[in-house]
């Protein structure tokens, strides 16, 4: 119960956070970008500004515009500030208000957002994009550092009337390249119209709008979508693979299905005579899976749902669509045919018939171990006996086909009609399907 309550609280906080960011973005669109900044209060009131000068945080604006450049011709960012108006194109009120709101935005999104205005871009940078990337590294650190991965820089060039955005590596998952290019084009258009403050404000408004979309409830759950899909696919493939093996999960979530069961199987105290009759009504030397014949290996059946009590634990197989397990087919064909061509013919000819008998045997074993009255399983047993009888003839026909293929491969004469006496004695006496 406590976990459910905690999850509900987290979802509510994420939803409120996303709605807050979306509200600022809607207000920006309605008011043309200028009303995006909410009312602010002074955190560090400016002081020491001459009455005849325009100051930003207590420093004259002209001094900021004429400040010395470092070795890379990029203005140095003052400590604990988000805005560097080296071109002197922003008003005092706008710069203060922008700084205040960027601070709130950075605190809520756990990222750093910066603004740099310059009169021009030095020629040795080659392009505005290269200049923006270099400036971001100079301000927050090299690529790969934590500050650089979660930082975004907006660069405004007064001389070229262009705007460029540089985004850290981790934020690129949120701010796609196409969205960043679109922001830059919108801000550049406003800048060419002489609306510097609207261009800057619109860029940060769109940044917050995208962050609000990713920070809502759906944005938070989006990261869990891929693991959930992979988990579902893995479970599906495991289920289909298990079904192909002739088994599955019973009503109690336990393994069931085909395989090479153990001879004897302990079916309700049945004696050896009953077991031999059940395996085909033949002496123990001829029964596939009898103790003397195959060393105790139960060839024709897995245990199925033998551990599941009651009728609800029974899982019946459809003999018409069931195919023999590859391990069982390989065992039967390797015991009857030596040549590779003959093995292929054996596998092709006996897959359906052996699989049908195998399914009937599994149904009978499931019934005899889960029913209170074994007499109700007689129908399954009779079907199994009928399948065994038909497969004896099928195996001989397959053996004749394999002998024909062997003679063709060896260049021996092949009679028009293969007779059963041509393969007499080649069918092992201890193997009966």
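Numbering (this note's numbering), first residue to last: 13 to 445. Every residue gets a Cβ at the ideal spot worked out from N, C-alpha and C, and that includes glycine.
Just the C-alpha distance for residue 171 and residue 239, rounded to the nearest angstrom, thanks. Residue mapping note: residue 171 aligns to position 159 of the chain shown, counting from 1. Residue mapping note: residue 239 aligns to position 227 of the chain shown, counting from 1. Each residue's Cα considered, the two are about 49 Å apart.
Tell me whether the region 241–254 and the region 208–226 touch, counting them as touching only if at least three CB pairs, one residue from each stretch, are closer than 8 Å. Contact check between the region 241–254 and the region 208–226: fewer than three CB pairs, one atom from each, fall below 8 Å, which does not count as touching.
To the nearest angstrom, report how far apart residue 155 and residue 222 are at their CA atoms. For the purposes of this step, residue 155 is identified with residue 143 of the chain shown, where counting begins at 1. For the purposes of this step, residue 222 is identified with residue 210 of the chain shown, where counting begins at 1. Cα to Cα, the separation comes out at about 23 Å.
Who are the near neighbours of residue 114 in its chain, counting only those whose CB is closer than 6 Å to its CB and skipping five residues on each side? Working through the chain shown from its first residue, we reach residue 114 at position 102. Excluding positions up to five away in sequence, the list reads 94, 125.
In the DSSP output, what is residue 178 paired with across the bridge? As a working mapping, residue 178 is identified with position 166 in the chain shown. BP columns for residue 178 point to 165.
For residue 126, the residue or residues it bridges with in DSSP: Start at 1 with the first residue of the chain shown, and residue 126 comes out as number 114. According to DSSP, residue 126 bridges with 165.
Take residue 132 and list the residues in its own chain whose beta-carbon comes closer than 8 Å to its own, dropping the five residues that flank it on each side. Indexing the chain shown from 1 puts residue 132 at position 120. Counting only Cβ-Cβ distances below 8 Å, and skipping sequence neighbours, we find 169, 170, 171, 172.
Residue 314 in three-state terms, based on DSSP: As a first step, residue 314 is located in the chain shown; it is residue number 302 there, counting from the start. Legend: pLDDT at residue 314 = 36, less than 50; position of this residue unreliable, no value from coordinates given.
What do you reckon, are the CB atoms on residue 163 and residue 195 nearer than 8 Å? Translated into the one-based positions of the chain shown, residue 163 becomes position 151. Translated into the one-based positions of the chain shown, residue 195 becomes position 183. 8 Å or more divides the Cβ of residue 163 from the Cβ of residue 195.
Assign residue 181 to one of two classes, buried (16 or more other C-beta atoms within 10 Å of its C-beta) or exposed (fewer than that). Within the chain shown, the letter at position 169 stands for residue 181. Under this definition residue 181 is an exposed residue.
Going by DSSP, which residues form a beta bridge with residue 95? The sequence position of residue 95 within the chain shown is 83, counting from 1. DSSP, once it has assigned bridges, lists 127 as partnering residue 95.
Hey, residue 116 and residue 107 are a contact pair by Cβ (cut 8 Å); roughly how many whole angstroms apart? Within the chain shown, residue 116 is the residue found at index 104, counting from 1. Within the chain shown, residue 107 is the residue found at index 95, counting from 1. Not confirmed; about 15 Å, so no contact.
Using a Cβ-Cβ cutoff of less than 7 Å, which residues in the same chain neighbour residue 198 once the five nearest sequence positions on both sides are dropped? For the purposes of this step, residue 198 is taken as residue 186 along the chain shown, with counting starting at 1. Excluding sequence neighbours, residue 198 sits near 214.
For residue 147, is the classification buried or exposed, using 16 other Cβ atoms within 10 angstroms of its Cβ as the cut-off for buried? Walking along the chain shown from the start, residue 147 turns up at place 135. Buried, by the Cβ-count rule.
Tell me whether the beta-carbon of residue 166 lies closer than 8 Å to the beta-carbon of residue 175. Walking along the chain shown from the start, residue 166 turns up at place 154. Walking along the chain shown from the start, residue 175 turns up at place 163. Cβ atoms of residue 166 and residue 175: closer than 8 Å.
For residue 371, count neighbouring Cβ atoms within 10 angstroms of its own Cβ and tell me buried if that reaches 16, exposed if not. Counting from 1 along the chain shown, the entry for residue 371 is found at position 359. Residue 371 comes out buried.
To the nearest angstrom, how far is the alpha carbon of residue 237 from that of residue 157? Taking the chain shown and counting its residues from 1, one reaches residue 237 at position 225. Taking the chain shown and counting its residues from 1, one reaches residue 157 at position 145. For residue 237 and residue 157, the distance between alpha carbons rounds to 28 Å.
Once DSSP output is grouped into helix, strand and coil, what is the label at residue 154? Counted from its first residue, the chain shown places residue 154 at position 142. Of the three classes helix, strand and coil, the one that applies to residue 154 here is coil, per DSSP.
Best match in 377, 141, 119 for proximity to residue 192 [C-alpha to C-alpha]: Taking the first residue of the chain shown as position 1, residue 192 is located at position 180. Among 377, 141, 119, the Cα nearest to that of residue 192 is on 141.
If you check the beta carbons only, do residue 123 and residue 203 fall under 8 Å apart? Counting from one through the chain shown, the residue named residue 123 turns up at place 111. Counting from one through the chain shown, the residue named residue 203 turns up at place 191. Cβ atoms of residue 123 and residue 203: not closer than 8 Å.
Proximity winner among 188, 247, 205, relative to residue 218 (alpha-carbon distances): Translated into positions along the chain shown, residue 218 becomes position 206. The shortest C-alpha separation from residue 218 is found at 188.
Own chain, CB closer than 8 Å to residue 425, minus 5 neighbours either side, in chain order: Taking the chain shown and counting its residues from 1, the one referred to as residue 425 is at position 413. The answer, listed in chain order, is 419.
Exposed or buried, residue 376, counting other C-beta atoms within 10 Å across all chains shown (16 or more means buried)? Counted from its first residue, the chain shown places residue 376 at position 364. Residue burial annotation: residue 376 is buried, with at least 16 other C-beta atoms found within 10 angstroms of its C-beta.
Mind reading off the beta-carbon distance from residue 145 to residue 121? Whole number of angstroms is fine, and I expect it under 8 Å. Numbered from its first residue, the chain shown carries residue 145 at position 133. Numbered from its first residue, the chain shown carries residue 121 at position 109. At roughly 21 Å, the Cβ-Cβ gap does not stay under 8 Å, so residue 145 and residue 121 are not in contact.
Closer than 6 Å by C-beta to residue 111: which residues in its own chain qualify, once you throw out the five before and the five after it? Chain order, please. Here residue 111 is taken as the residue at index 99 of the chain shown, counted from 1. Result list for residue 111: 94, 95, in chain order.
Alpha carbon to alpha carbon, how far is residue 416 from residue 427? Give it in angstroms, no decimals. Here the question's residue 427 lines up with position 415 in the chain shown. Here the question's residue 416 lines up with position 404 in the chain shown. When rounded, the distance between both Cα atoms is 8 Å.
How is residue 170 classed by DSSP in three states: helix, strand or coil? Here the question's residue 170 lines up with position 158 in the chain shown. Residue 170: coil per DSSP, three-state reduction.
Simplified DSSP assignment, three categories, for residue 102: Taking the first residue of the chain shown as position 1, residue 102 is located at position 90. In the structure shown, residue 102 sits in coil (DSSP, three-state: anything other than H, G, I, E or B).
Measure the alpha-carbon distance for residue 392 versus residue 246 and round it to whole angstroms. Counting from one through the chain shown, the residue named residue 392 turns up at place 380. Counting from one through the chain shown, the residue named residue 246 turns up at place 234. Rounded to whole angstroms, the separation of the alpha carbons of residue 246 and residue 392 is 35 Å.
Do residue 160 and residue 149 have their beta-carbon atoms positioned less than 8 Å apart in this structure? By 1-based counting over the chain shown, the position of residue 149 is 137. By 1-based counting over the chain shown, the position of residue 160 is 148. Their beta carbons are under 8 Å apart, which means residue 149 touches residue 160 by this criterion.
So the alpha helix (DSSP H) residue 202 belongs to, where does it begin and stop? If you number the chain shown from 1, residue 202 lands on position 190. Counting along the chain, the alpha helix (DSSP H) containing residue 202 begins and ends at 189–204.
Quick check: residue 87 and residue 128, are their CB atoms within less than 8 Å of each other? Within the chain shown, the letter at position 75 stands for residue 87. Within the chain shown, the letter at position 116 stands for residue 128. Yes; because the gap between Cβ atoms is below 8 Å, this pair is in contact.
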